[in-house]
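In our numbering, the protein residues as written are 18 to 161.
From the three backbone atoms N, C-alpha and C, an ideal C-beta is built for every residue, glycine too.
Have a look at the structure below before the remarks.
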Amino acid sequence: MFISKKRLIALSSIIISVIIFAFLGTACYRYTGFITKGDFYSGYDFGFGGNVIIESFNIILVTICAILLALNLLAFFVEKVSEKPLAITNLVLWVLALAFAICAMCAKYVNESYNPTVSITFVMLLTIVGIISSFAPLFIQDKD
Numbered sequence: 018m019f020i021s022k023k024r025l026i027a028l029s030s031i032i033i034s035v036i037i038f039a040f041l042g043t044a045c046y047r048y049t050g051f052i053t054k055g056d057f058y059s060g061y062d063f064g065f066g067g068n069v070i071i072e073s074f075n076i077i078l079v080t081i082c083a084i085l086l087a088l089n090l091l092a093f094f095v096e097k098v099s100e101k102p103l104a105i106t107n108l109v110l111w112v113l114a115l116a117f118a119i120c121a122m123c124a125k126y127v128n129e130s131y132n133p134t135v136s137i138t139f140v141m142l143l144t145i146v147g148i149i150s151s152f153a154p155l156f157i158q159d160k161d
């Protein structure tokens, strides 16, 4: 079975985006510095009076991952989309997602008392995998 590079790029980005959405659904943020207070929030808890900086990083990260997911779903089913522009667009969006994942991870009170999954670290690592999966097919030559 032969799978084209375009479908491989799209499928890898779809899978990585869905896994990032799952990791952001875990309780990974703590908006306050009080040790006795157990207020943990997921990456989707926007506007509950928490830290505005963390929420803005989350909103942008979720938006970039949603754009990546929608773009790659479209590219997976539309035949006229070529592989190089798709790979370059994915590469740029994954680099932006990495920047906001690093900003969200380094924000104060993130993962301070909650460490079983360290999901924001996994989100950052998955964005690096997304960069590699978008970057590698640009240099792989087809065997004809």
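Pairwise C-alpha distance: residue j and residue i
{"i": "Leu90", "j": "Ala27", "result": "7 angstroms"}
{"i": "Ile168", "j": "Ile157", "result": "Any answer about residue 168 is impossible in this case: the structure gives the chain only from 18 up to 161."}
{"i": "Ser21", "j": "Phe152", "result": "15 angstroms"}
{"i": "Phe38", "j": "Phe139", "result": "11 angstroms"}
{"i": "Leu143", "j": "Tyr61", "result": "18 angstroms"}
{"i": "Phe74", "j": "Ser30", "result": "20 angstroms"}
{"i": "Gly42", "j": "Ile149", "result": "24 angstroms"}
{"i": "Ala104", "j": "Ile36", "result": "19 angstroms"}
{"i": "Thr106", "j": "Ser59", "result": "28 angstroms"}
{"i": "Leu108", "j": "Gly147", "result": "8 angstroms"}
Nearest residue (CA-CA) to residue i, options the options
{"i": "Val69", "options": "Leu110, Ala124, Ile137 and Ser150", "result": "Ala124"}
{"i": "Ser99", "options": "Ile119, Leu155 and Ala83", "result": "Leu155"}
{"i": "Leu113", "options": "Phe93, Glu96 and Ala83", "result": "Ala83"}
{"i": "Leu85", "options": "Leu110, Ala116 and Pro102", "result": "Leu110"}
Alpha helix (DSSP H) segment containing residue i, residue limits
{"i": "Glu72", "result": "Val69 to Phe94"}
{"i": "Thr144", "result": "Ser136 to Phe152"}
{"i": "Ser21", "result": "Run containing Ser21: none; DSSP gives neither H nor E here."}
{"i": "Leu113", "result": "Glu100 to Cys123"}
Whole-angstrom C-beta distance between residue j and residue i, which should lie under 8 angstroms
{"i": "Met122", "j": "Ile145", "result": "Not a contact, Cβ separation roughly 12 angstroms."}
{"i": "Ala118", "j": "Leu78", "result": "6 angstroms"}
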